[in-house]
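Only one structure is covered here, and it is reproduced in the block below.
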Amino acid sequence: MRFYQVGGAVRDKLLHQTVQDRDFVVIGGTEEEMLALGFKKVGKSFPVFLHPKTGEEYALARKEIKTGTGHGDFAFVFTPDITLEEDSLRRDFTCNALYQEEETGRIIDFHNGAEDIKKRVLRHISPHFAEDPLRVLRMCRFAARLDFSVAPETMALCRKMVKAGELRHLSRQRIWGEIEKALSCKRFSRFIRTARECGALAELLPEVESLWQIPERLDYHPEGNAGEHTILSLEAAATDDPLVNFAVLLHDIGKTATPPEKWPCHAGHAALADEIIARIATRLQVPRRFADFARFSAKNHMVAHWPCAESKEDLLDIVVWLQRAPQPDDLERFISVLAADMRGRACPLRSETAQNLALTSEALRRMYQKASAVNMRENPRFTAALAAFKAGKITSEELKGVRCRIIKDAAEDI
7 MRFYQVGGAV RDKLLHQTVQ DRDFVVIGGT EEEMLALGFK KVGKSFPVFL HPKTGEEYAL
67 ARKEIKTGTG HGDFAFVFTP DITLEEDSLR RDFTCNALYQ EEETGRIIDF HNGAEDIKKR
127 VLRHISPHFA EDPLRVLRMC RFAARLDFSV APETMALCRK MVKAGELRHL SRQRIWGEIE
187 KALSCKRFSR FIRTARECGA LAELLPEVES LWQIPERLDY HPEGNAGEHT ILSLEAAATD
247 DPLVNFAVLL HDIGKTATPP EKWPCHAGHA ALADEIIARI ATRLQVPRRF ADFARFSAKN
307 HMVAHWPCAE SKEDLLDIVV WLQRAPQPDD LERFISVLAA DMRGRACPLR SETAQNLALT
367 SEALRRMYQK ASAVNMRENP RFTAALAAFK AGKITSEELK GVRCRIIKDA AEDI
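In my numbering, the protein residues as written are 7 to 420.
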């Protein structure tokens with residue numbers, strides 16, 4: 007048996023990036039031999055083993071034979087005579103098909119992956135790439151994570167796959183899984199641009215794709231349309247926080263529902279976002295945490311466009327929402343969404359706008375701090391209302407109203 011480190015760990019070494027996880031492939035071995043060495047089998051479809059000391063994954067070299075239309079419709083062959091080069095042919099991109107001998111450190115490269123890493127290019131290895139539609143989304147994700155461009159022939163193949171309807175064979179869980187991983191990339195905007203270029207965005211998130219057809223007022227948005235504004239906002243956010251990136255992606259989605267006869271004006275678009283985001287969340291089975299924060303951010307993202315004195319009641323409502331199920335970082339996340347929206351345009355930030363953003367952010371922090379200091383269990387107004395609720399004298403909505411007023415009174419006292 008021979009052991010080789012493979013895939014992302016080898017690629018990241020060549021990129022001089024921190025290696026997160028190491029995976030290995032085993033040539034010339036059998037399941038029985040691996041178990042005899044103390045490895046623990048964990049793979050179901052094909053043999054994957056955990057090292058008895060390090061816990062790292064070791065997989066027997068294998069071939070894959072397409073048996074259906076879905077991401078998981080493959081039969082696997084993992085006999086000891088499979089060569090390293092045969093194993094490499096089942097991998098997606100040249101940069102992910104590098105092998106490093108465990109003993110000598112020698113790198114084996116069958117597909118010029120090292121050269122593509124130098125050029126920062128994603129290039130598929132073989133026509134077998136088209137057998138797995140999930141690889142279209144992996145291409146978009148790797149483009150964002152690695153800041154790589156896509157080889158023309160690979161982009162052309164992915165366009166062909168999308169046009170043929172291959173993405174429709176993917177489960178909603180698989181689709182969201184790739185999107186969620188991409189949301190953790192600081193260059194998430196590149197995921198969206200790449201997905202748009204190959205047609206995947208229109209297929210999976212048509213609401214976002216339609217933003218490029220929505221005109222903007224050029225005095226506020228010289229970039230010209232809501233799609234480019236969204237991309238610039240994601241670039242301005244420059245974060246690996248998936249909740250922020252998802253909220254920024256959808257913060258202006260309500261503009262797709264404003265009356266075309268009123269364009270480029272989009273008055274009331276923030277209120278129109280709620281139903282659209284709910285529809286996206288249902289279709290892709292987006293976790294409630296993501297959907298709720300995106301809906302909240304879209305509804306309130308215009309608050310920093312006006313002086314604090316004009317939006318005091320809105321600020322209080324925001325603080326109440328943040329106090330419902332307090333998450334330590336959600337206030338700063340929301341402020342990051344506000345800043346991304348304000349800065350995401352093809353013109354310098356106006357001094358008045360920058361001042362509104364700074365003052366709004368500071369007011370929210372002070373209000374939130376005051377509201378967080380309220381102890382409902384020791385608050386006479388709330389304990390009295392709670393007793394009335396238990397006695398059937400007031401409804402649950404009325405109890406919530408009392409709690410809301412207590413929070414607002416505390417936050418308002420700044």
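Note that CB positions come from ideal geometry on N, CA and C, so glycine has one too.
Because the structure is a prediction, the values reported are computed rather than measured.
Quick one: using the 10 Å Cβ neighbour count with 16 as the cut-off for buried, is R409 buried or exposed? Flag for R409 reads buried.
Residue nearest to S468 in terms of C-alpha spacing, selected from V325, F99, M161 and G350: Look at the range of the chain in this structure, 7 to 420, and you will see that residue 468 is not part of it.
Same chain, Cβ closer than 8 Å to N231, neighbours up to 5 away in sequence not counted: Excluding sequence neighbours, N231 sits near L217, W218, Q219, I220, P221 and E222.
F84 in three-state terms, based on DSSP: In the displayed model, F84 falls within coil according to three-state DSSP, outside both helix and strand.
Answer yes or no: do C101 and R147 have a C-beta to C-beta separation smaller than 9 Å? Result no, Cβ atoms of C101 and R147 do not sit closer than 9 Å.
Can you list, in chain order, the residues of its chain whose CB lies under 7 Å from that of L41, leaving out five sequence neighbours each side? If we look at L41 and ignore the five residues flanking it on each side, its Cβ neighbours are K47.
Should S402 be labelled buried (16 or more other beta-carbon atoms within 10 Å of its own) or exposed? Label assigned to S402: exposed.
Under 8 Å, with one C-beta from each stretch per pair, do the region 363–372 and the region 263–276 reach the 3-pair mark? The region 363–372 is not in contact with the region 263–276.
Quick one: is the Cβ of K396 within less than 8 Å of any heavy atom of the ligand NAP? Because no ligand of any kind appears in the structure shown, any question about the ligand NAP cannot be addressed here.
Tell me where the alpha helix (DSSP H) around V254 begins and ends. Taken as a continuous stretch (DSSP letters only), the alpha helix (DSSP H) holding V254 covers P248 to L256.
Spatial neighbours of A352 in its chain, beta-carbon cut-off 7 Å, leaving aside the 5 residues before and after: Hits under 7 Å: P228, E229 and L238.
What residue from H175, R144 and P386 has the CA that sits closest to I198's CA? It is R144 whose Cα lies nearest to the Cα of I198.
Which residues in the same chain have their Cβ closer than 7 Å to the Cβ of L291, if we skip the five residues on either side of it in sequence? The sequence shown places Gln at residue 291, not Leu. So the qualifying residues of the chain are R178, Q179 and W182.
By how many angstroms is the C-alpha of L321 removed from the C-alpha of D247? If you take the alpha carbons of D247 and L321, they lie about 23 Å apart.
Do L140 and E203 have their beta-carbon atoms positioned less than 9 Å apart in this structure? No, the Cβ-Cβ distance between E203 and L140 is not below 9 Å.
DSSP on H235, reduced to helix/strand/coil? For H235, the secondary structure class from DSSP, reduced to helix, strand or coil, is helix.
Give the range of the alpha helix (DSSP H) segment to which Q179 is assigned. R178 to L189 is the extent of the alpha helix (DSSP H) around Q179.
Along the chain, which unbroken stretches of the alpha helix (DSSP H) at least 4 residues long are found entirely within the region 29–57? Counting only runs of 4+ residues, the alpha helix (DSSP H) found wholly inside the region 29–57 occupies 37–42, in chain order.
K399 classed as buried or exposed, judged by whether at least 16 other C-beta atoms fall within 10 angstroms: By the neighbour-count criterion, in which a residue is buried when 16 or more other Cβ atoms sit within 10 angstroms of its Cβ, K399 is exposed.
Buried versus exposed call for H22 [16 or more other C-beta atoms within 10 Å across all chains shown]: Of the residues assessed, H22 falls on the exposed side of the cut-off, its CB having fewer than 16 other CB atoms within 10 angstroms.
If you scan the region 257–313 from start to end, which runs of the alpha helix (DSSP H) of 4 or more residues do you find wholly inside it? Qualifying alpha helix (DSSP H) stretches, in chain order: 275–290 and 294–306.
Return the residue from the list P53, L20, R28 and D27 that minimises the CA-CA distance to T36. T36 has its Cα closest to that of P53, out of P53, L20, R28 and D27.
Give the C-beta separation of F9 and E63 to the nearest angstrom, bearing in mind that I take them to be a contact with Cβ-Cβ under 8 Å. Not a contact, Cβ separation roughly 12 Å.
Which residue marks the beginning of the beta strand (DSSP E) containing V12, and which one marks its end? Segment R8 to V12, the beta strand (DSSP E) holding V12.
Tell me which same chain residues have a C-beta within less than 7 Å of the C-beta of W327, skipping the five on either side of it? Counting only Cβ-Cβ distances below 7 Å, and skipping sequence neighbours, we find F302.
Enumerate in chain order the residues of its own chain whose CB-to-CB distance from H134 is below 6 Å, with the five nearest sequence positions on each side excluded. Nothing meets the Cβ criterion.
Using the rule of at least 16 other Cβ atoms within 10 Å of the residue's Cβ for burial, across every protein chain shown, is V163 buried or exposed? For the sequence presented, residue 163 should be read as Leu rather than Val. In the assembly as shown, L163 is a buried residue. Its beta-carbon has 16 or more other beta-carbons within 10 Å.
Exposed or buried, what is K357 when buried is set at 16 or more other beta-carbons lying within 10 Å of its beta-carbon? Rather than Lys, the amino acid found at residue 357 in this sequence is Ser. Label assigned to S357: exposed.
Reduced DSSP category for P221 - H, G, I as helix; E, B as strand; rest coil: P221 falls in the strand class under three-state DSSP.
Where N381 falls, given that 16 or more other Cβ within 10 Å makes a residue buried: Exposed, by the Cβ-count rule.
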